[in-house]
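In what follows, a structure is listed as structure tokens, so that the remarks can point back to it.
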Amino acid sequence: MNRIEELDGLRAFAIFAVFLIHFRPVNQPVFGFMALGWAGVDLFFVISGFLITGILWNLRKHSTPFREFYWRRGLRIFPPYYLALLLILLLAHLHREVIPHKEQIGAWFFLSSLLKGFSVRLMAKRLFLHAGFAMTPQFLDVHHFELFMRGPGIFWSLSAEELFYLIWAPIVLKGTKNFIVFCSVAPLIVCPILRGLTHTADAMETFGFVTRFDSLSAGAC
2 MNRIEELDGL RAFAIFAVFL IHFRPVNQPV FGFMALGWAG VDLFFVISGF LITGILWNLR
62 KHSTPFREFY WRRGLRIFPP YYLALLLILL LAHLHREVIP HKEQIGAWFF LSSLLKGFSV
122 RLMAKRLFLH AGFAMTPQFL DVHHFELFMR GPGIFWSLSA EELFYLIWAP IVLKGTKNFI
182 VFCSVAPLIV CPILRGLTHT ADAMETFGFV TRFDSLSAGA C
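Its first residue numbered 2, the sequence shown is counted upward by one per residue in the working numbering.
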């Protein structure tokens with residue numbers, strides 16, 4: 002797929018937005034301008050969904066499309082990612098900070114976003130047991146990381162991207178046009194419902210692959 006220069010401008014907006022949210026002063030109003038930076042991640046997801054779908058579509062007639070796609074993705078992402086992850090783990094160790102083994106495994110295998118914030122039990126309670134949506138308000142200004150042990154948590158969005166690659170490649174490379182369209186449109190309806198049904202005070206559903214898949218599929222649309 003040829004480079005689209007206009008998307009570089011959109012990426013710049015997305016990067017600026019992410020900086021806004023992470024450098025937002027503590028105890029600012031909930032709806033302050035810098036709080037809008039959360040949308041930068043969604044913009045990245047939409048761009049990624051668009052580009053990856055185009056790349057996969059162009060590989061449909063390739064003799065070895067899966068190997069070509071995953072080899073390119075691996076060379077592009079794995080070296081810088083694992084270098085950054087090793088650096089974070091080393092700094093955490095030197096500062097005697099303990100990162101739970103489950104979180105480390107999730108970071109090594111890009112699984113940190115797989116089921117984050119997704120609870121079948123909670124959805125069942127709200128749908129069938131009338132559990133309701135009442136919850137205790139909670140302070141959400143958690144974008145400042147003072148400990149290295151919190152470093153792996155920022156890779157949740159990359160985890161969502163990697164899981165998208167695994168699921169989306171077979172759909173586009175082997176699916177019919179109608180099936181691809183269905184898989185692109187359905188999350189736009191389903192994911193907002195899932196976010197509503199699994200919403201909690203800490204808003205962990207906003208960091209999960211299942212509940213944020215619609216941003217990626219919007220790009221595919």
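C-beta: ideal position from N, C-alpha, C; glycine also.
Every value quoted in this text rests on a predicted model; they were computed, and no experiment measured them.
Rounded to whole angstroms, what is the Cα-Cα separation between residue i and residue j?
i, j, result
"His200", "Arg97", "34 Å"
"Ser120", "Phe208", "13 Å"
"Leu167", "Trp39", "25 Å"
"Leu86", "Lys62", "36 Å"
"Asn59", "Ile181", "14 Å"
"Lys117", "Phe210", "7 Å"
"Phe67", "Phe20", "35 Å"
"Ala204", "Thr177", "36 Å"
"Phe24", "Pro153", "18 Å"
"Ser113", "Gly107", "4 Å"
"Ile48", "Tyr83", "23 Å"
"Phe156", "His131", "35 Å"
"His94", "Leu115", "26 Å"
"Leu88", "Cys192", "34 Å"
"Gly33", "Ile22", "10 Å"
Please state whether DSSP places residue i in a helix, a strand or coil.
i, result
"Phe35", "For the record, residue 35 in the displayed sequence is Met; it is not Phe. Note: Met35 maps to helix in three-state DSSP."
"Arg184", "According to the sequence displayed, residue 184 carries Cys and not Arg. If DSSP states are grouped into helix, strand and coil, Cys184 belongs with the helices."
"Asp215", "helix"
"Ile5", "coil"
"Lys175", "helix"
"Val42", "helix"
"Thr54", "helix"
"Phe156", "helix"
"Leu167", "helix"
"His131", "coil"
"Ser49", "helix"
"Ile78", "helix"
"Pro138", "coil"
By Cβ distance below 7 Å, which residues in the same chain neighbour residue i in space, the five residues on each side in sequence not counted?
i, result
"Asp9", "none"
"Val173", "Thr54, Leu57, Trp58 and Ile181"
"Glu69", "Leu60 and His63"
Among the residues of its own chain, which have a CB less than 6 Å from the CB of residue i, if the five just before and after it don't count?
i, result
"Val42", "Ser158"
"Ser216", "Asp43, Phe46 and Val47"
"Val171", "Val is not the amino acid found at residue 171; the sequence shown has Pro there. Within the same chain, Pro171 has no close Cβ partners at all."
Where does residue i land, buried or exposed, given buried means 16+ other C-beta within 10 angstroms?
i, result
"Trp269", "A query on residue 269 cannot be resolved here, the shown segment of the chain reaching from 2 to 222 and no further."
"Glu206", "buried"
"Met150", "buried"
"Val27", "exposed"
"Phe46", "buried"
"Gly50", "buried"
"Leu1", "The shown model of the chain, from 2 to 222, leaves out residue 1, and the question about it has no answer."
"Phe129", "exposed"
Short of 8 Å in beta carbon distance, which residues of its chain neighbour residue i, apart from the five on each side in sequence? Order them along the chain.
i, result
"Arg202", "Contrary to the premise, residue 202 reads as Ala rather than Arg in this sequence. Cβ neighbours of Ala202 beyond the five flanking positions: Met136, Thr137, Pro138 and Gln139."
Between the stretch 8-24 and the stretch 110-125, can you find at least three pairs of beta-carbon atoms closer than 8 Å?
With a cut-off of 8 Å, the stretch 8-24 and the stretch 110-125 do not count as touching, because too few Cβ pairs lie within range.
If you pair each beta-carbon of the stretch 186-194 with each one of the stretch 70-82, do three or more pairs fall below 8 Å?
With the rule of 3 Cβ pairs closer than 8 Å, the stretch 186-194 does not count as touching the stretch 70-82.
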